[in-house]
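In the working numbering, the protein residues as written are 231 to 379.
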């Protein structure tokens, strides 16, 4: 690592620790030439994930959209924000571990519904009703019957 003060190429790491969000590493360094200290951050470079929507349009993955949908489904339900965050983390781990550059929104929706079913049945039905675009009451009742079996 090059020193930002004297441009000398020999620096050493004095301290290394994860940042508060655990998404990068903070390193304190000292220059062997001028003795000055500075901080660097090391972050994993990720390939952007592309979501293929139902209408075949493509857009970049946006965690906030998933969280928003889950928050609406869990509104006035005994589901904490931490549980929602953990659910989204689980789904993210699954989709990013596939190492695909593109993934269907349907795959993500099914993963979310499977995890939400175990978390809260009412939130699951709410999410499913929007995600699966129930056209009438019979479709809604059919989904409820599947869940009760």
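Using N, Cα and C, we set each Cβ at its ideal position, and we do this for glycine too.
Note on geometry: alpha-carbon atoms of residue 299 and residue 362 lie some 13 Å from one another. Closest by C-alpha distance to residue 343, out of 333, 356, 331, 332, is 356. Taking one beta carbon from each stretch, the stretch 277-289 and the stretch 300-315 have fewer than 3 pairs nearer than 8 Å; the two do not touch. Judged by DSSP in its simplified three-state form, residue 241 adopts strand. Under the three-state reduction of DSSP output, residue 325 falls in the helix class.
Counting along the chain, the unbroken alpha helix (DSSP H) around residue 345 starts and ends at 335-349.
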